[in-house]
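What follows is one structure encoded as structure tokens, with my remarks underneath.
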Amino acid sequence: MTQHTQTPSMPSPLWQYWRGLSGWNFYFLVKFGLLWAGYLNFHPLLNLVFMAFLLMPIPKYRLHRLRHWIAIPVGFALFWHDTWLPGPQSIMSQGTQVAEFSSGYLLDLIARFINWQMIGAIFVLLVAWLFLSQWIRVTVFVVAIMVWLNVLTLTGPVFTLWPAGQPTDTVTTTGGNAAATVATAGDKPVIGDMPAQTAPPTTANLNAWLNTFYAAEEKRKTTFPAQLPPDAQPFDLLVINICSLS
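In my numbering, the protein residues as written are 384 to 629.
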């Protein structure tokens, strides 16, 4: 008579539960593309923490799926935080003004807001990711890019690849050979043109740039002659009010 003994099965090592980012790869690839084009105020550390949360190995498959459901609202909020869109408090405080917009005006705003070229580029990126993910572990490249972006925030970029990093000088012209517009404060002339946009587009830099613009514009004045010459032609005066700067 033979005796069978059962040995308790050893738990699988934790590294066997590394499942990768799966569909979240496309989420981060879209962010990298928007960052390259200069459309994001990207927060590398927050995105790295979110990526680590998605990559953390979980043995139980139910908990793994629950993590993805929890990550959906977190990922949406993080994406919104990385954009230049107004926050929830700003939307709630100005909700009454938005409610006064007509339906035709809202449709016109939506049509202007949608960038069809960007949507087409995202569609091409989706097809490329679905195609290449059959043979390439995209998670490795996505994690490497994320780590590289975080290293850049610590050491500073040695070189830049995205257009937003290139200095841009703003030049204001009046057309033809006319003289540049100069503001005057008393007897001292003050240059009224906007300052050069050379700093990265962070919230602090944008606020400082806007305050400088306001300070220069409030000193601008145009001196009109006391009377027009006899051969002067009548003209119309056009006043343009930009609602976002008023």
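For each residue, glycine too, the CB sits at the ideal point set by N, CA and C.
Since we're looking at a predicted model, the values are computed, not measured.
The Cβ atoms of residue 522 and residue 404 lie closer than 7 Å to each other. The beta carbon of residue 594 sits closer than 6 Å to no other beta carbon from its chain once the five residues preceding and following it are set aside. Put simply, the backbone Cα of residue 460 is about 16 Å away from that of residue 422. Exposure of residue 614 is indicated by the presence of fewer than 16 other C-beta atoms within 10 angstroms of its C-beta.
Between the alpha carbons of residue 512 and residue 409 lies a gap of roughly 7 Å.
Selection 451, 583 and 586 evaluated against residue 407 yields 451 as nearest (Cα-Cα). Cβ neighbours of residue 586 within its own chain (closer than 8 Å, five residues either side excluded): 424. The C-beta separation of residue 413 from residue 508 comes to about 7 Å, placing the pair in contact by the 8 Å criterion. When only Cα atoms are considered, residue 536 and residue 427 end up about 8 Å apart. CA-CA distance, residue 417 to residue 601, rounds to 35 Å. The criterion of a C-beta distance shorter than 7 Å is satisfied by residue 447 and residue 441. Residue 452 carries a helical assignment under DSSP once its states are collapsed to helix, strand and coil.
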